[in-house]
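Student:
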Amino acid sequence: MKFVVANDHGGIDLKPAVCEKLEELGQEVVHLGTYNKDSCDYSDFAVKACEKVVNGDADFAVLICGTGLGMSISANKMKGIRAACVSEPYSAMMSRAHNNANVLCLGARVIGTEVCKMIVEEFVTTQFEGGRHQKRVDKISKIEEEN
Ligand code: RB5
713 MKFVVANDHG GIDLKPAVCE KLEELGQEVV HLGTYNKDSC DYSDFAVKAC
763 EKVVNGDADF AVLICGTGLG MSISANKMKG IRAACVSEPY SAMMSRAHNN
813 ANVLCLGARV IGTEVCKMIV EEFVTTQFEG GRHQKRVDKI SKIEEEN
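Under my numbering, think of the first position of the sequence shown as 713, with each following residue one higher.
1. Could you pull the DSSP bridge partners for Val-815 from this structure?
2. When we look at the beta-carbon of Gly-824 and count the other beta-carbons within 10 Å, is it buried (16 or more) or exposed?
3. Please determine, among Glu-858, Glu-834 and Ala-809, the residue with the shortest C-alpha to C-alpha distance to Arg-844.
4. Measuring alpha carbon to alpha carbon, tell me which residue in Ala-813, Gly-723 and Glu-826 is nearest Asp-771.
5. Just to confirm before moving on: does the CB-CB distance between Gln-820 and Gly-723 stay below 8 Å?
6. Are Glu-833 and Leu-737 touching if we call contact CB-CB under 8 Å?
7. Please report the Cβ distance between Ser-755 and Ser-786, rounded to the nearest whole angstrom; I am assuming they are in contact, meaning their Cβ atoms lie under 8 Å.
8. Just to check, is the beta-carbon of Asp-850 closer than 7 Å to a non-hydrogen atom of ligand 1?
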């Protein structure tokens, strides 16, 4: 699978752990910046990465900021994006199994590198269960259409 990874200045320190784990799991990784600690706006990078997912240029995105919150709020404004802000492995697994999340948001000031790697592994290795959950995800899409 192809993953785009994007971060703001607050997320940059966690990016190596994310990319290392994705590559260890055999995923293709494309970095979209930011590449230094100069202050920038997380929403610019959320849009840049989510556009790739929506267009089909990437299968998934991982977005990293200080808390994961700004990235997830921004990402979820985009049609077709289901972004999960996660700080432990169980929710990472469930975000795929039940919510069919296509974007994982992480907080570099919230989690350490080892928990981060466990989260990434759950997100990558868990499949969407479909069935009754598909119906619920379809209802989320309907909210996008109607509002
Ligand atoms: C940047 O200082 C910080 O606000 C940002 O990385 C993120 O945590 C916002 O949600």
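Backbone N, C-alpha and C fix where the C-beta goes; we use that ideal spot for every residue, glycine too.
Tutor: If we stick to the structure as given:
1. DSSP lists Ala-773 and Ala-795 as partners of Val-815.
2. When all chains shown are included, Gly-824 counts as exposed.
3. Ala-809
4. Ala-813
5. The amino acid occupying residue 820 in the given sequence is Ala; Gln does not appear at that position. For Ala-820 and Gly-723, yes; Cβs fall inside 8 Å.
6. yes
7. That pair is a contact at about 4 Å.
8. no
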